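Note that the sequence shown ends on residue 389 in our numbering; no numbers are left out. Report on one structure; see the data block that follows.
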Amino acid sequence: MGQRKNFILLPEDTAWAEQIAGEIRRKMVKVEERNRETIPYMPHNGRYNNYATPEMRGWWTNGFWAGIMWQLYAATGEKRYADTARFTETVFDECIRDYTRLDHDMGFMWLHTAVADYRLTKNPQSRVRGLHVASILASRFNANGNFIRAWNTWGPQDTVDKTGWAIIDCMMNIPLLYWASEESHDPRFREVAIRHANTVMKEFIRPDGSSNHIVSFDPSTGEKIESFGGQGYENGSSWTRGQGWALYGFALSYIHTGKQEYLDTAKRVAHYFVANIPENGLIPIDFRAPKEPAWEDSSAACIAACGLLEIANCVPEYEKDCYVNAALRLLKALADKRANWDENVDNIIENCAVAYHSDEHDVGLVYADYFFIEAIFKLLGQGEFLW
Ligand code: GLY
């Protein structure tokens, strides 16, 4: 239980992290009060919307609010955070019933709801939910090409065939499969995760450590067809949230399997990411987009910071500082310039972006807050390892 902290901070960095953790705990008291029995995604005029509706309850980000609640529960022991987290877990039962609408994001959704509940409270019903959904995720595996299918067809207006599409984000979903094997002692889930991770290592991660967002395969032969820019600027560019998913995702695959090639890949992606951090420490939406418009994505910084700290947990003593210092640089830039501590405003982290070619820039996103909170608590050995 708890975080897997395996690095030492300088006293001034511990003091800084404690101050920020105190701000988080103070602000979240009010934010939780205002958002019980909702599933927040994005704030408008400082107040979160609610995705606990039949149309939106299956949205990929809907586990992160509960994730924040479980991190606060683990850090404070206050039961009200567990109660609020369980609201989402219960709403998600409707998503399981309506499973044809589920895509690969089941890890994001259930690791921070049912699996977190089981990890922290041993709730037996939550264990069943986690194993049930892991089985659905494993069923998306295509043995032709060894990848987990990412997305479905999104309604009658969607004419793009995505049967052969895999995306880098899925590296964060496969920990649900590692957990299912660890929990059930059945190696099949883990095998699916490993085969998918091996495909991603080969077909997504470029020699310089950057990553594609989307790769398509022939779903009948497994042959790689092409890559797409996805939520980044263009094909061949470097969508920073995707770099974060790759960095943290491969670190997680190493943690669950002990396979050195995954840690080496996580480090390669991390070195690329760190080499591209701008002078001001704030992360653009794509490392290879034009300088203007200068859109940022703070969520990418939060995800990368978590991954860097997990790499620090895994490497020998003499390598740790490189990763811890890079994470601190990202987190301090966010805390100094992009954190909103007004308790009347629901989100903490500002200047996030949904995708390069979308209208949603300079917004708050619930998952940016999740990863920021996870990272700050991780620095202090507080909260919970939910992956
Ligand atoms: N496709 C999930 C994301 O926006 O990162």
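Backbone N, C-alpha and C define an ideal beta-carbon position, used for all residues, glycine too. For clarity, every value in this text was computed on a predicted model and none was experimentally measured.
Contact check, residue i vs residue j under 8 Å by CB: the rounded distance?
i: Pro42; j: Val368; result: 5 Å
i: Ala145; j: Ala168; result: The Cβ separation is near 13 Å, so there is no contact.
i: Ala314; j: Ala377; result: Actually they are not in contact, since the Cβ atoms of Ala314 and Ala377 sit about 12 Å apart, beyond 8 Å.
i: Ile70; j: Ile351; result: So it is not a contact: roughly 12 Å between Cβ atoms.
i: Arg331; j: Ile279; result: 7 Å
i: Phe373; j: Ala23; result: In fact, because the Cβ distance is near 15 Å, the residues do not count as touching under 8 Å.
i: Met173; j: Ala199; result: 7 Å
i: Ala303; j: Leu336; result: 6 Å
i: Trp389; j: Pro209; result: Their Cβ separation, rounded to whole angstroms, is 27 Å, which puts Trp389 and Pro209 out of contact at 8 Å.
i: Arg121; j: Glu386; result: 7 Å
i: Thr115; j: Ala87; result: 7 Å
i: Ile138; j: Tyr101; result: 6 Å
i: Thr78; j: Arg27; result: 7 Å
i: Phe89; j: Arg36; result: 14 Å between Cβ atoms; not a contact.
Per DSSP, which residues does residue i bridge with? Please list them.
i: Phe149; result: Asn144
i: His46; result: Arg49
i: Ala168; result: Val217
i: Val226; result: In the sequence on display, residue 226 carries Lys and not Val. According to DSSP, which records beta bridges pairwise, Lys226 is partnered with Phe219.
i: Asp2; result: No statement about residue 2 is possible, as the shown extent of the chain runs from 3 to 389 and does not include it.
i: Ile207; result: Ser213
i: Cys97; result: Answer is none; Cys97 lacks a bridge partner.
i: Cys354; result: Val365
i: Ala341; result: Ile351
i: Glu298; result: Pro286
Nearest to residue i by alpha carbon, out of the options?
i: Ala136; options: Gly147, Val117, Asp85; result: Val117
i: Gly366; options: Pro189, Arg331, Val347; result: Val347
i: Gln21; options: Asn148, Gln262, Ser240, Leu333; result: Leu333
i: Arg59; options: Thr92, Val130, Cys324, Ile257; result: Thr92
i: Thr63; options: Ala272, Cys308, Gly109, Tyr256; result: Gly109
i: Met111; options: Lys124, Ile378, Tyr53; result: Tyr53
i: Ser240; options: Asp119, Thr40, Trp72, Pro292; result: Pro292
i: Thr40; options: Lys81, Gly383, Arg197, Ala68; result: Ala68
i: Thr259; options: Glu34, Val194, Lys32; result: Val194
i: Phe143; options: Pro126, Arg129, Asp105, Asn125; result: Asp105
i: Ile10; options: Val317, Asp95, Ser222, Ala370; result: Val317
i: Ser212; options: Phe230, Leu249, Thr201, Ser222; result: Leu249
i: Val276; options: Leu311, Asn154, Tyr180, Asp371; result: Leu311
i: Val356; options: Val33, Tyr325, Asp288; result: Asp288
i: Leu179; options: Asn125, Lys81, Arg129; result: Arg129
i: Arg290; options: Ser229, Asn237, Lys269, Gly48; result: Asn237
i: Ala328; options: Pro13, Ala272, Tyr358, Asp361; result: Ala272
i: Tyr274; options: Glu294, Cys324, Glu319, Asp163; result: Cys324
i: Thr16; options: Ser360, Val326, Asp361, His359; result: Val326
i: Gly224; options: Val33, Arg99, Asn125, Ile150; result: Ile150
i: Gly234; options: Lys269, Val31, Tyr358, Asn8; result: Tyr358
i: Ser229; options: Lys164, Leu12, Ser222, Glu263; result: Lys164
i: Gln127; options: Glu14, Ser360, Asp95, Pro295; result: Asp95
i: Ser222; options: Asn282, Gly166, Lys32, Trp156; result: Gly166
i: Glu25; options: Asp338, Thr161, Gly4; result: Asp338
Sorted by chain position, which residues of the same chain lie with C-beta nearer than 8 Å to residue i's C-beta, five sequence neighbours on each side aside?
i: Ser186; result: Leu133
i: Asp107; result: Trp62, Asp171, Asn175
i: Pro45; result: Asn51, Val347, Asp348, Asn349, Val365, Gly366
i: Lys81; result: Tyr75
i: Glu390; result: One cannot answer for residue 390 here, as it falls past the ends of the chain, which runs 3 to 389.
i: Gln262; result: Tyr256
Ignore the nearest five residues each way along the sequence and tell me which others in residue i's own chain have a CB closer than 6 Å to its CB.
i: Ser183; result: Pro189, Phe191, Arg192
i: Asn353; result: Glu298, Ser300, Arg340, Asp364
i: Gly232; result: His215, Ile216
i: Leu381; result: Ala19
i: Arg197; result: Asn148
i: Leu254; result: Pro177, Trp389
i: Lys226; result: Glu205, Phe219
i: Arg103; result: Gly60
i: Leu284; result: Glu298, Ala335
i: Ile257; result: none
Closer than 7 Å by C-beta to residue i: which residues in its own chain qualify, once you throw out the five before and the five after it? Chain order, please.
i: Thr267; result: Met203, Ile207, Phe252
i: Arg29; result: The question names Arg, but residue 29 in the sequence shown is Lys. Here the set comprises Trp343, Glu345, Ile350.
i: Gly246; result: Ala302, Ile305, Ala306, Gly309
i: Phe66; result: His114, Val368, Tyr369, Tyr372
i: Gly48; result: Asn346, Val347, Asp348
i: Lys322; result: Phe9, Ala314
Please tell me whether residue i has its Cβ less than 8 Å away from any Cβ of chain C.
i: His46; result: Chain labels in this structure do not include chain C; a single protein chain is all it has.
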